[in-house]
Ligand code: GAL
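Residue numbers (our numbering): 429 to 734.
This is the structure:
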């Protein structure tokens with residue numbers, strides 16, 4: 429199925445794909461796309477922001493990254509029934525596989541509808557298509573967690589999250605079972621007010637792409653670079669090129685994945701007053717010849733060149 433960047437993508441049944449703020453994980457040659465199901469009515473939160481009450485985390489699978497089969501909800505309000513509060517906000521779900529435990533581990537941003545709680549949730553499943561069972565909701569390293577992602581390298585994994593009320597990005601090492609943090613963490617992009625982190629590694633460098641903090645409104649992306657995860661990163665600038673590059677093509681970063689030696693950036697194209705119809709795009713990341721910089725051009729369709 430030919431998908432169009434910037435628009436809402438369709439699954440194999442012709443239904444809107446509901447996997448916002450998401451990620452694509454590869455496991456045994458199958459791609460799994462996890463994200464927020466926002467197929468409900470928009471409402472105003474207690475602080476006046478647009479939102480859709482938590483419906484669930486969706487999963488879709490594909491072997492070619494364009495034909496997506498709906499696997500339904502892998503985390504639901506019922507999965508979180510042990511929490512005292514009625515669950516309103518579960519955002520930016522990310523899943524990694526823990527080989528030692530033979531478990532898929534899901535982390536997400538958990539919040540109350542005024543975004544005051546700012547916690548992380550952890551859930552596990554023995555299957556990539558769930559159901560995921562809640563392990564806990566907590567403040568890792570006693571910090572606030574807002575937009576977040578996971579990064580895995582060999583058997584080590586890290587939680588990367590906006591913190592200090594979005595002033596700072598934190599890279600926190602996870603324990604071997606991926607269910608907790610070890611207490612070792614690094615602050616990067618201090619005072620830069622970045623969110624929507626997406627990260628990838630080349631031979632020599634880690635690159636992180638983030639957005640500014642303007643809610644559902646698009647803003648300018650920023651790429652930063654470092655040689656190690658536990659040191660401050662060098663800020664490089666906006667990696668996007670072409671029309672609307674200062675608005676991230678009206679999108680916001682959510683994840684970077686690799687396929688055949690090529691890295692791809694996933695964007696959400698939020699429709700703030702109609703969140704369920706927010707679009708997606710997948711754009712190729714172009715590395716400079718010296719490997720020290722990246723650019724990201726717009727392409728009308730995923731996996732096709734401009
Ligand atoms: C954005 C954030 C989204 C969501 C939204 C709510 O800044 O990236 O994940 O939290 O704000 O307004």
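Glycine included, every Cβ here is placed at the ideal spot set by N, Cα and C.
Which residues in the same chain as residue i place their Cβ atom closer than 7 Å to its Cβ, once the five residues preceding and following it in sequence are excluded?
i, result
"residue 612", "601"
"residue 482", "505, 515, 516, 517 and 518"
"residue 698", "644, 680 and 706"
Looking at residue j and residue i, is the spacing between their C-beta atoms short of 8 Å?
i, j, result
"residue 479", "residue 473", "yes"
"residue 553", "residue 531", "yes"
"residue 534", "residue 551", "yes"
"residue 455", "residue 568", "no"
"residue 477", "residue 463", "no"
"residue 679", "residue 696", "yes"
"residue 547", "residue 565", "yes"
"residue 727", "residue 667", "no"
"residue 704", "residue 466", "yes"
"residue 715", "residue 655", "no"
Where does the unbroken beta strand (DSSP E) through residue i begin, and where does it stop?
i, result
"residue 470", "First-last for residue 470: undefined, no H or E at that position."
"residue 694", "690-697"
"residue 451", "448-455"
"residue 524", "517-526"
"residue 620", "Segment: none, residue 620 is in no beta strand (DSSP E) and carries neither H nor E."
"residue 581", "576-581"
"residue 646", "Segment: none, residue 646 is in no beta strand (DSSP E) and carries neither H nor E."
"residue 680", "680-687"
"residue 552", "547-553"
"residue 724", "722-725"
"residue 483", "Per DSSP, residue 483 belongs to no beta strand (DSSP E) and is neither H nor E."
"residue 499", "497-503"
"residue 639", "634-639"
"residue 596", "596-602"
"residue 590", "584-591"
"residue 741", "This structure leaves residue 741 out entirely; the chain is present only between 429 and 734."
"residue 606", "Looking at the DSSP string, residue 606 is not in any beta strand (DSSP E), and its letter there is neither H nor E."
"residue 712", "707-712"
"residue 664", "662-665"
"residue 462", "458-464"
"residue 506", "It is not in any beta strand (DSSP E) - residue 506 carries neither H nor E in the DSSP assignment."
Can you give the beta carbon distance from residue i to residue j, rounded, assuming they're within the 8 Å contact cut?
i, j, result
"residue 475", "residue 542", "5 Å"
"residue 626", "residue 692", "That belief does not hold up - the Cβ atoms of residue 626 and residue 692 are roughly 10 Å apart, past 8 Å."
"residue 648", "residue 610", "About 34 Å; that fails the 8 Å criterion."
"residue 638", "residue 622", "4 Å"
"residue 442", "residue 502", "22 Å between Cβ atoms; not a contact."
"residue 713", "residue 730", "With a Cβ gap of about 13 Å, residue 713 and residue 730 do not count as contacting."
"residue 657", "residue 633", "Contact doesn't hold; Cβ gap of about 11 Å is too wide."
"residue 624", "residue 575", "5 Å"
Quick one: what's got a C-beta closer than 6 Å to residue i's C-beta in the same chain, skipping five residues either side?
i, result
"residue 782", "Lying outside 429 to 734, the shown extent of the chain, residue 782 is not represented and no answer is given."
"residue 459", "452, 490 and 493"
"residue 618", "596"
"residue 606", "526, 533 and 585"
"residue 702", "none"
"residue 694", "682, 683 and 710"
"residue 641", "594, 621 and 623"
"residue 591", "571, 572 and 598"
Does chain D have any CB closer than 8 Å to the CB of residue i?
i, result
"residue 571", "Judged by its chain identifiers, the structure shown contains no chain D, having just a single protein chain."
Ignore the nearest five residues each way along the sequence and tell me which others in residue i's own chain have a CB closer than 8 Å to its CB.
i, result
"residue 469", "480"
"residue 440", "429, 495, 496, 497 and 498"
"residue 561", "507, 551, 552 and 553"
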